[in-house]
Every structure is written in structure tokens, then in C-alpha cells.
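Asks:
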Amino acid sequence: MLRLLPLLVLLAAAAPIAAQTVRGAVVDEGGSPVAAAFVVLLDVEGRPAARGLSHAGGGFLLHAGMAGTYTLRAERIGFESTVTPPLRLEQGAVVETRVTVSSRAVALDAIVVGGAAQCAVRARDDAAAAALWEEARKALAVSAWTERAESLQVVAARWERELDRQGMFILAERRDSIVGRLQTPFRSLPAEELAAAGYRREESDGAWYYAPDAEVLLSDSFLDTHCFRAVRGRGRARGLVGLAFEPVRGRSVPDVAGTLWLDARSAELRHLEFRYRNLPRQDDWPGVGGRIEFRRLPGGQWIVDRWRLRMPLVRHPRRGRATLAGYAEVGGQVHSAAPAPGGEG
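Each residue of the sequence shown is one higher than the last, beginning at 69 in the working numbering.
1. Look at the alpha carbon of THR337 and the alpha carbon of THR165, and state the distance between them as a whole number of angstroms.
2. Along the alpha helix (DSSP H) that carries ARG205, what are the first and last residues, could you check?
3. Would the region 191–198 count as touching the region 292–308 if we require 3 or more Cβ pairs under 8 Å?
4. Hey, quick one: how far does the alpha helix (DSSP H) through SER245 stretch, first residue to last?
5. Run the CB neighbour count on ARG124, radius 10 Å, all protein chains shown included, and call it buried at 16 or more, exposed below.
6. I'd like to know whether the C-beta atoms of GLN221 and ALA396 end up nearer to each other than 7 Å.
7. Using the DSSP secondary-structure output, state which residues sit across from PHE290 in a beta bridge.
8. Just grab the DSSP bridge partners of HIS339 for me.
9. Which word fits GLN88, buried or exposed, when buried means at least 16 other C-beta atoms lie within 10 angstroms of its C-beta?
10. Contact between the region 372–385 and the region 355–362 is defined here as three or more beta-carbon pairs at a separation below 8 Å; is this criterion met?
11. Quick one: what does DSSP say VAL321 is sitting in, helix, strand or coil?
12. Write down the C-beta distance between VAL102 and ASP96 rounded to the nearest angstrom, noting that I regard them as a contact closer than 8 Å.
13. With distance defined between alpha-carbon atoms, name the residue in GLY368, GLN350, PHE362 and ARG374 nearest to THR389.
14. Measuring only the C-alpha atoms, how far is PRO315 from ARG345?
15. Helix, strand or coil: which one does DSSP assign to ALA184?
16. Just tell me which of CYS187, HIS384, SER404 and ARG317 has its CA closest to the CA of GLY310.
17. At 3 residues or longer, and completely inside the region 154–183: list those beta strand (DSSP E) runs for me, N to C.
18. How many Å lie between TRP276 and VAL324 at the Cα?
19. Taking Cβ to Cβ, would you say ARG226 is nearer than 7 Å to GLY400?
20. Measuring CA to CA, which of MET134, ILE238 and SER289 is closest to GLY394?
21. What separation, rounded to the nearest whole angstrom, lies between the Cα atoms of ARG417 and GLU228?
22. In chain order, what residues of the same chain have a beta carbon less than 7 Å from the beta carbon of VAL284, not counting five sequence neighbours either side?
23. From PHE147 to LEU208, what distance separates their C-alpha atoms?
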């Protein structure tokens, strides 16, 4: 089984009104406005205090929860990020600023990927892996923010299927069509809990599988318990470059290994493929894992566009070894997404 949340909710909580405000515009080196830049307000410890996308005219508005010294980081996928000098926000103040972003493109297609590349415990420890992680991180950060903001109205489908032993044919299926506010399509436990106890749990009603969402992939716990290396796409993945990850040596709890695939030219995140590691012998079958596809919307938001997760259906005879009976699959797809009335997006 897989722990699921409703793909959509109908109501979003109202955002609190903060007293300290940064109002500004993002422009390029020629002074033209830049839309869909992800602007992050960082406190003195480098922690995000507020986030948002610049609109079509380049403008943005961010609220800080308390007075203090902050910096702004403006990010665009495929381009170098920009960090401003410190800004002082006094209680109740409105500070206006202008952020000039770099027009220097990131050339992922120029990365030389060697098949024998060492798996670096932190992506930043390998130049090629670090470049790929930086672009994947941007898309994941906007995806996580988009889900929290609940600013999109979507039409989506969700399904539960039973598949044959080869995972090729659908033996049974239940589908739902849903309209509402976007929310994360599946529930991940807190990253620290997954790192400690793993991605598969035995419960009274059977085995439960967990998938890594954007928040988990961005967490220090995930980065500390996985190593990374750059790979070049071949076959169906031609034109893509991948950031492959796997559990660090010595981990024994059920974990995940996979690849974040990015477009080599645009640096946009396309999809994540993953499989489970360190499963009990009776559940360790080919095809147990998942695929999560990402899409950038015209307004700059990133969403999980399509996803599926497969778990084994296992027969346990009184005598003899367990056998694979088939797969249970849960998944979904967003058919359309548009700004919701009253949303932040």
C-alpha cells in the first residue's frame, strides 16, 4: 500500500499579512523586466523567510515575519542565480529594490559525463553533479512552493490499478476525476523520519511504501544519506542529462535510488525515476518503484504533472518461497492547470 493524500483540496488557507515588506522588480542586464523569476528572501542564517515568482512586469512582493537583515536571491532555471547585498527591514517598513539578474546561461549540454564517475556523498563535491543539482533544485523548490501556495485550479485524474506479473497489462482499475486546488499528490513522511526508518514500513494492514517528494529531495537528511553522480541519457533519455543518486554505503533500511533527468539544452527538470533498495527479499522484484514527471507552467510555477508508483502483490504460500502475483499501481495526471480565483500565483 501507499499512503496517499487527496490530489486536490477545495479550499486554501488565507495567507497571513506580514508587517515588513519588500517590493521590487527583477530585470535583466539590459534593464528589461524578467517574469517568472523565483525570488527568495533569506535571513542572516540563509534560511528562506518568504518566496514568490515575479509577474509579467518583473515585479514581486514579499513579506517578512519580523524585522531584521535579509538578502534576496533571484533564480531562473538555465541561468546563474543572483544574490543581492543585505537589506535592512525595520518594523512595519516597506523597502523597494531592484534585482538585476545574470543573462549568462548554464550549459548542461557541455558537461562531460564519464561512466565511471565517482558517487559523491554531496552533489556539490563533484562539478558535474553540482551543476545538475543546482538546476534540479530550482525546479523542486518552485514545485514545493507552488503546492504550499495552493494557487492553481487543476483538473486531474487519479487511478488505482492491478497489473499482471510483467507490469504490462491492467487487470483491474478504479479512476477518479477531480477538480480543485493543487496539492501534493502523495504523502511523504518527514525527511528525517525517512532517513532514520526507511521508505517501507510494516503496519498491521500490510506494507506501506513512501515516495520522495520535493521537500524530501531538498532536505539535508536526503543529501546526507545519498550520493550523486552525473549520467548522460541514452535511448529514450537521449537529449537529457541525469543526476543519479543512491543510498550511501552502509545504509540498511529500505531506501530509494534513482535519477533526476533534466533537458540538456534548457536545464529544465523533466522527470524522476526511482526504485527501492534494501527491501525484504519477498518484496524485492523488478519494477517496484516509481516515476514522477514535472512541468513548468507559463506563469513560472512547477507542478507534478504525472506520477505513478508500483508495489508488489506477493503470494505467501504455507510452504515454499513467496511468488510475485502482480503489481499494485497508484498514479495520477494533471490535465489542466490555471490560476485559482484568489490564489497567490
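Beta carbons: idealized from backbone N, C-alpha and C, even for Gly.
A quick note: this is a predicted structure, and the numbers were derived from the prediction, not measured.
Replies: According to the data block:
1. Indexing the sequence shown from 1 puts residue 337 at position 269. Indexing the sequence shown from 1 puts residue 165 at position 97. Before going on, a small fix: residue 337 reads as Leu here, not Thr. When rounded, the distance between both Cα atoms is 30 Å.
2. Counting from one through the sequence shown, the residue named residue 205 turns up at place 137. Judged by DSSP secondary structure, ARG205 falls within the alpha helix (DSSP H) whose first and last residues are 195–217.
3. Yes, since at least three Cβ pairs between the region 191–198 and the region 292–308 fall closer than 8 Å, the two stretches touch.
4. Counting from one through the sequence shown, the residue named residue 245 turns up at place 177. For SER245, no alpha helix (DSSP H) encloses it; the enclosing beta strand (DSSP E) starts and ends at 238–250.
5. In the sequence shown, counting from the first residue as 1, residue 124 sits at position 56. The question names Arg, but residue 124 is Ala in the sequence shown. Its Cβ having fewer than 16 others within 10 Å, ALA124 is exposed.
6. Start at 1 with the first residue of the sequence shown, and residue 221 comes out as number 153. Start at 1 with the first residue of the sequence shown, and residue 396 comes out as number 328. Judged by their CB atoms, GLN221 and ALA396 are not nearer to each other than the 7 Å cut-off.
7. As a first step, residue 290 must be located in the sequence shown, where it is residue number 222. Beta-bridge pairing links PHE290 to no other residue.
8. Within the sequence shown, residue 339 is the residue found at index 271, counting from 1. Residue pairing by DSSP places HIS339 opposite TRP329 and GLU361 in a beta bridge.
9. What you label residue 88 is simply residue 20 of the sequence shown in a count that begins at 1. Buried: at least 16 other Cβ atoms inside 10 Å.
10. As far as the Cβ criterion goes, the region 372–385 touches the region 355–362, which means the pair count is three or higher.
11. Here residue 321 refers to the residue found at position 253 when the sequence shown is read from its first residue. Reduced to three states, the DSSP call for VAL321 is coil.
12. Here residue 102 is taken as the residue at index 34 of the sequence shown, counted from 1. Here residue 96 is taken as the residue at index 28 of the sequence shown, counted from 1. Contact between VAL102 and ASP96 holds, since their C-beta atoms are separated by about 5 Å, short of 8 Å.
13. Translated into the one-based positions of the sequence shown, residue 389 becomes position 321. Before going further, note that residue 389 is Arg rather than Thr in the sequence given. Looking at the Cα atoms, GLN350 is the closest of the given residues.
14. For the purposes of this step, residue 315 is taken as the residue at position 247 of the sequence shown. For the purposes of this step, residue 345 is taken as the residue at position 277 of the sequence shown. Each residue's alpha carbon lies about 8 Å from the other.
15. The residue labelled residue 184 in the question sits at position 116 within the sequence shown. Model confidence at ALA184 stands at a pLDDT of 48, short of 50, so the residue's coordinates are unreliable and nothing is read from them.
16. Position 242 of the sequence shown, counted from the start, is the residue given in the question as residue 310. The shortest C-alpha to C-alpha distance from GLY310 to any of CYS187, HIS384, SER404 and ARG317 is the one to CYS187.
17. As far as the region 154–183 is concerned, its whole beta strand (DSSP E) runs of at least 3 residues are 155–157 and 162–168.
18. Position 208 of the sequence shown, counted from the first residue, corresponds to residue 276. Position 256 of the sequence shown, counted from the first residue, corresponds to residue 324. Straight-line Cα distance between these residues: approximately 14 Å.
19. Against the sequence shown, residue 226 aligns to sequence position 158. Against the sequence shown, residue 400 aligns to sequence position 332. Cβ atoms of ARG226 and GLY400: closer than 7 Å.
20. Taking the sequence shown and counting its residues from 1, one reaches residue 394 at position 326. Residue ILE238 is the option with its Cα nearest to GLY394.
21. Beyond the ends of the chain as shown, which are 69 and 413, falls residue 417; an answer cannot be given.
22. Residue mapping note: residue 284 aligns to position 216 of the sequence shown, counting from 1. Scanning its chain for C-beta atoms nearer than 7 Å, with the 5 sequence neighbours on each side dropped, one finds around VAL284 the residues SER256, ALA259, LEU262 and PHE290, in chain order.
23. As a working mapping, residue 147 is identified with position 79 in the sequence shown. As a working mapping, residue 208 is identified with position 140 in the sequence shown. Distance from the CA of PHE147 to the CA of LEU208, rounded to the nearest whole angstrom, comes to 16 Å.
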